[in-house]
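Comments concern the structure below.
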Amino acid sequence: MQEYASQISEAGASLIAISSDSQSATKETVQNLSLSFTVLSDSSITAISAYNVVDQGNTRIARPATYIIKSDGTVGWKSLGSTSTRVSTADTLTALGEL
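According to my numbering, the residues represented by the sequence shown are 66 to 164, in order.
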């Protein structure tokens, strides 16, 4: 997603990722990968569960998923992947442009 962060921003959107890792591990990942977008830690799996993206094979992690939340707070688009298939950033950018 880092590769497309500027395009997402230029479309008037904000990119936020949620990790099931601890705060310290999440911070380390952000630093190691030089991520320019916000990455939140959800080690309690609260948000991951709320969005129904808990990986069924490993309930301590989320399956890949992308949600576009509109300014009114509703879900405008979503794409759910699996541990072997990532959500296409190209599809996400297309959907963002259509909203």
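Beta carbons: idealized from backbone N, C-alpha and C, even for Gly.
- Between residue 85 and residue 127, the C-beta spacing is below 8 angstroms.
- Spatial neighbours of residue 164 in its own chain (CB-CB distance under 8 angstroms, excluding positions within 5 residues in sequence) are listed in chain order as 133, 135, 141 and 142.
- By the beta-carbon neighbour count (other beta carbons within 10 angstroms, threshold 16), residue 80 is buried.
- For the set 108, 161, 104 and 100, the Cα lying nearest the Cα of residue 87 is the one of 108.
- If the five residues before and after residue 146 are omitted, its C-beta is found closer than 7 angstroms to the C-beta atoms of 128, 129, 130 and 152, all from its own chain and listed in chain order.
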